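Numbering (our numbering), first residue to last: 643 to 895. We treat Cβ as the ideally placed atom computed from N, Cα and C, and that holds for glycine. Please read all numbers here as calculations on a predicted model, not as lab measurements.
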Amino acid sequence: MKKAIIQVNNLVKKYGDFEAVKGISFDVMEGEIFGLLGPNGAGKTTTLEIIETLRKKTSGTIIVDGMDLDKEPQAIKNIMGVQLQAAGYYPNLNLKQIIALFSGLYNKDIDPMALLDTVNLRDKAKNKFKQLSGGQKQRFSIATTLINEPRIIFLDEPTTGLDPQARRNLWELIKQLRERGATVVITTHYMDEAEELCERVAIVDSGKIVALSTPNELIDNLLASGFKRSKAVKEANLEDVFLNMTGKEWRDE
Ligand code: ATP
């Protein structure tokens, strides 16, 4: 039986008079990829950043690996991998140096080149962050979440703006993280991505969870309610055409 590694109970976040998160509760099980889905402004990033200890909650409780976020934030930070904010990418350091700096800070013995390999950025090791393409920046940002060998990894829209090849390659990377035993919490606006990666998803709308289950069960429930697509679906889509014409390998090296 899997245990809950994150337990969020009745979480509320107010910005002034505005209630962005309205009392949500959910558990994330150890070893799963859990998706937070929802329209712009639904409260996903706010929820994620509260669990990451980057924002303060208004009320509610959060337990991570048995520890109360209010009492043991530092111990919780030690087991979490969070994408560095842009300020963490010291402008005068190259990618290899940034990873070396942070692995020193975390007291971890990480081989920067091996880590850059996992996101296909070995060739850019001597480049500065600002010299990377959008997709390369995203990949580097994911690599930085792995420096402290975390048990829980948070990815906020990790594939936004990437080309289809890079998205699919990052899906493989994210699955590998799970295979190594990590728990992954991800937000995305791509439903194909959520379907491909997530064991369970919570759909958040206007600060409330409106559905929480496996993608399969949510789809079956919708079909059971009599839902029919207005347009017949072909067995391939334009993305299949694109990938078929341009191949599956990384394209921006
Ligand atoms: P997106 O998909 O656009 O990233 P989101 O679901 O991550 O959206 P949040 O960024 O959590 O949404 O924002 C939730 C709501 O809270 C929005 O209405 C936003 O305007 C508001 N909000 C977020 N941060 C602040 C802040 N620092 N001060 C005031 N309001 C904020």
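- By the criterion of a C-beta distance shorter than 8 Å, G777 is surrounded in its chain by G803, L804, D805, A808 and D894, once the five residues flanking it on both sides are discounted.
- A distance criterion of 7 Å places the beta-carbon of T830 beyond contact range of the ligand ATP, judged by its closest non-hydrogen atom.
- Straight through space, the alpha carbons of L854 and G702 are spaced by roughly 19 Å.
- Burial state of A866 is exposed, judged by a 10 Å Cβ sphere holding fewer than 16 other Cβ atoms.
- Those residues having their beta-carbon less than 5 Å away from any non-hydrogen atom of the ligand ATP are, in chain order, Y657, A662, N682, G683, A684, G685, K686, T687 and T688.
- Apart from sequence neighbours up to five positions away, the residues of its chain that approach V846 with a beta-carbon distance below 8 Å are I666, L678, L679, G680, A684, G685, K686, T689 and V852, ordered along the chain.
- DSSP places E661 within a strand segment (E or B) once states are collapsed to three.
- Scanning its chain for C-beta atoms nearer than 7 Å, with the 5 sequence neighbours on each side dropped, one finds around K719 the residues T695, in chain order.
- Under the criterion of beta carbons closer than 8 Å, G849 and E661 qualify as touching, at roughly 6 Å.
- Taking C-beta atoms as the reference points, L743 and I704 fail to come closer than 8 Å.
- Under a 10 Å Cβ-count criterion, N811 is classified as buried, with 16 or more other Cβ atoms of the shown protein chains found around its own Cβ.
- The C-beta separation of M722 from F796 comes to about 7 Å, placing the pair in contact by the 8 Å criterion.
- With 16 or more neighbouring CB atoms inside 10 Å of its own CB, E674 falls in the buried class.
- In the structure shown, I718 falls within a helical segment according to DSSP collapsed to helix, strand and coil.
- DSSP places I741 inside the alpha helix (DSSP H), whose first and last residues are L737 to L747.
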